[in-house]
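Trainee: Take this structure, written in structure tokens, and hold onto it; I'll ask about it next.
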Amino acid sequence: MADIISLSKKRKAKARSQKEKKASENRIKFGRTKSEKKLDTLEKERHERQLDGHKLEKE
12 MADIISLSKK
22 RKAKARSQKE
32 KKASENRIKF
42 GRTKSEKKLD
52 TLEKERHERQ
62 LDGHKLEKE
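In the working numbering, the protein residues as written are 12 to 70.
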């Protein structure tokens, strides 16, 4: 005789594994490396410094 299984648990487990697989694919497809994030941060800081340098002071 076969083992009795809960279909809802089986469905949830299958959905969970599919979700994890899709998340893994998205991390590869859309993820950014640490160096890319650091480069963006440095560029943003440089841009802000440049804008602050051109800011007019009130007298």
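C-beta: ideal position from N, C-alpha, C; glycine also.
(1) I need the straight-line Cα distance from Ala-24 to Lys-33, nearest angstrom please.
(2) Work out the CA separation of Asn-37 and Ser-49 for me, nearest whole Å.
(3) Pick helix, strand or coil for Glu-31, following the three-state DSSP scheme.
Mentor: Based on what the coordinates show:
(1) 14 Å
(2) What sits at residue 49 in the sequence shown is Lys, not Ser. About 21 Å.
(3) helix
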